[in-house]
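One structure below.
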Amino acid sequence: MTPTRSILFYTAAAALILIPGCKKSEERSASEKPAGTVLKVGIVTDVGGRGDQSFNDSALRGLELWAAGKKYTGTGYVDTTPAEVKATLPPDLAARTPPIEKLPGVTPLVLQSRAQEDYEPNLQLLADQGAGLIIGTGFMLENAIEAAAKRNPDSKFLLIDSPLLDAAGKPFTLPNVRTVVFKEEEGSFLVGAMAGLVSKDGRVGFVGGMEIPLIKKFEAGFKAGVRTTRPEATVLTAYTGSFNNVAAGKQVAQDLIAKGADVVFHAAGSDGLGVIQAVKDARAAGRQVYAIGVDSDQSHVAPDAVLTSMVKRVDLAVYETVRDLAAGRFTAGDAAWGLKEGGVTYAPVRIDFPQRAAVLEKVEDLRRQIIEGSIRVPATDADLASFKP
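Numbering (the working numbering), first residue to last: -6 to 382.
Given below as structure tokens:
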């Protein structure tokens, strides 16, 4: 069975489970639930898929747990309680107004992609199943989202991590597509500043996945942050060339640690799980080294090894788009979320280390300066070359 057919078979089976549930909701009396509240929302993951404990899982959290109030068990969904949902919210989102809470009638449909060739047929399958909103998680789905949106003008789409781009690489819009990109360089700057302050020997590492403009934003911001708090520090850089090769991430991180890096930040998707494992192994061998996660708070992967994580609010972008559609206020167009917009941040620091309070105070001061505009964080190598702290 080909990967695509395998995915379609699995999803069709899941749809048979979910669709009767939708019908049951629709057959309730108007006094129990107003008509029209059933809303199918689909996600097509990139090749990292469910379980990457990073980007894709963040998108799924925004749809399944927050919007639909459901938890995936491996074979289907079970309902969650408001307390269970609240337990997944960091303090800033727990205090958010309006609150993050279950949206009535939302039914998640999820398709996992094993190869890039799966993207477009998976998007089309969701449209054929009647999804009111179809979400593509990651820049690699840009071409597929464009094609699917043009083919299905009555469906709404959300593309995470990229605008729509024409043949010349210039952004353009479609009336049924919302795109959300993040100012990854701003969040990466803060964890870079922290790395510079925490590093004992002034040698830190950056591990990227594919060497593309998106990941270069992480690298540029991280290096600028290190330069700001530790001008004499050395940043060792390596790329794995993928986003779904844990072994490659581990090997690259081991190489950087062997060269003296004592804080390693990754922007490498599932490869980053290998980075964290390499750091965990080094600590078990007596090395004082830390990992910095990405996209989601990855401290749970290795609580004693992950210093912090550069968090992208992919979950929030998904949740708010679903809420907008449910409320009848979906708008197309492009949005860019940075520190000011609450789109990026760093995860709570749970590890104790020397001068911890002073380090966090300095990082928070830098956050304020970025939000106020007194620090402009570089997003490219060219901008980094001219950056002066």
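Glycine residues also receive a C-beta, built at the ideal position from the N, C-alpha and C atoms.
Helix, strand or coil at residue i according to DSSP, with G and I counted as helix
{"i": "VAL315", "result": "helix"}
{"i": "TYR366", "result": "Note that residue 366 is Gly in the sequence shown, not Tyr. Reduced to three states, the DSSP call for GLY366 is coil."}
{"i": "SER181", "result": "helix"}
{"i": "LYS26", "result": "Summary for LYS26: the model assigns pLDDT 38, below 50, so the residue's position carries little reliability; its value from the coordinates is reported in the next sentence. Coil at LYS26, not helix or strand."}
{"i": "VAL245", "result": "helix"}
{"i": "LEU229", "result": "strand"}
{"i": "MET203", "result": "coil"}
{"i": "ILE344", "result": "coil"}
{"i": "GLY381", "result": "At residue 381 the sequence reads Lys, which differs from the Gly that was named. It is coil, neither helix nor strand."}
{"i": "ASP401", "result": "Nothing in the structure corresponds to residue 401, since the chain is present only between -6 and 382."}
{"i": "VAL219", "result": "helix"}
{"i": "SER51", "result": "helix"}
{"i": "ASP72", "result": "strand"}
{"i": "ALA186", "result": "helix"}
{"i": "ILE269", "result": "helix"}
{"i": "VAL294", "result": "helix"}
{"i": "PRO84", "result": "helix"}
Rounded C-alpha distance that separates residue i from residue j
{"i": "PHE346", "j": "VAL370", "result": "27 Å"}
{"i": "MET187", "j": "ASN145", "result": "46 Å"}
{"i": "GLU178", "j": "ARG360", "result": "12 Å"}
{"i": "ALA190", "j": "VAL173", "result": "Residue 190 is actually Leu in this sequence, not Ala. Those two C-alpha atoms are separated by around 32 Å."}
{"i": "PRO84", "j": "GLU139", "result": "36 Å"}
{"i": "THR233", "j": "ARG196", "result": "20 Å"}
{"i": "LYS273", "j": "LEU53", "result": "27 Å"}
{"i": "TRP59", "j": "GLU225", "result": "44 Å"}
{"i": "PRO164", "j": "ALA275", "result": "43 Å"}
{"i": "GLN122", "j": "ALA329", "result": "30 Å"}
{"i": "ASP288", "j": "LEU309", "result": "12 Å"}
{"i": "GLN109", "j": "GLY131", "result": "11 Å"}
{"i": "PRO168", "j": "ASP317", "result": "15 Å"}
{"i": "ASN115", "j": "THR373", "result": "33 Å"}
{"i": "GLU365", "j": "GLY201", "result": "29 Å"}
{"i": "ARG343", "j": "ALA298", "result": "10 Å"}
{"i": "LYS79", "j": "THR73", "result": "10 Å"}
{"i": "VAL337", "j": "VAL184", "result": "11 Å"}
{"i": "SER379", "j": "SER367", "result": "16 Å"}
{"i": "GLU313", "j": "GLU212", "result": "28 Å"}
{"i": "ILE205", "j": "SER235", "result": "11 Å"}
{"i": "GLU57", "j": "LYS305", "result": "18 Å"}
{"i": "SER181", "j": "SER51", "result": "18 Å"}
{"i": "SER22", "j": "VAL31", "result": "The predicted model places SER22 with a pLDDT of 30, which falls under 50 and marks its position as unreliable; any figure quoted below should be read in that light. One C-alpha to the other measures close to 13 Å."}
{"i": "GLY162", "j": "LYS355", "result": "38 Å"}
{"i": "GLN362", "j": "GLY218", "result": "12 Å"}
{"i": "VAL228", "j": "GLY265", "result": "17 Å"}
{"i": "ARG171", "j": "VAL256", "result": "36 Å"}
{"i": "HIS293", "j": "GLY262", "result": "16 Å"}
{"i": "SER302", "j": "PHE175", "result": "15 Å"}
{"i": "LEU377", "j": "ASN49", "result": "29 Å"}
Presumed contact (8 Å Cβ cut-off) between residue i and residue j, rounded CB distance
{"i": "VAL99", "j": "VAL315", "result": "6 Å"}
{"i": "GLY267", "j": "LYS243", "result": "3 Å"}
{"i": "GLY198", "j": "ALA254", "result": "3 Å"}
{"i": "ALA271", "j": "ALA231", "result": "Actually they are not in contact, since the Cβ atoms of ALA271 and ALA231 sit about 12 Å apart, beyond 8 Å."}
{"i": "ILE127", "j": "LEU134", "result": "At roughly 10 Å, the Cβ-Cβ gap does not stay under 8 Å, so ILE127 and LEU134 are not in contact."}
{"i": "PHE258", "j": "PHE215", "result": "5 Å"}
{"i": "TYR112", "j": "ALA88", "result": "Between ALA88 and TYR112 the Cβ distance is about 37 Å, and since that is not below 8 Å, they are no contact."}
{"i": "ALA124", "j": "SER148", "result": "7 Å"}
{"i": "LYS95", "j": "GLY41", "result": "Not a contact, Cβ separation roughly 26 Å."}
Proximity test, residue i beta-carbon vs the ligand MN heavy atom, cut-off 6 Å
{"i": "GLY129", "result": "What this structure holds is no ligand at all, so the ligand MN is not there to describe."}
Evaluate contact between the segment 319 to 333 and the segment 63 to 80, counting only Cβ atoms and requiring at least three cross-stretch pairs below 8 Å.
no
Within the segment 110 to 138, note down every full beta strand (DSSP E) run reaching 3 residues or more, in order along the chain.
126 to 130
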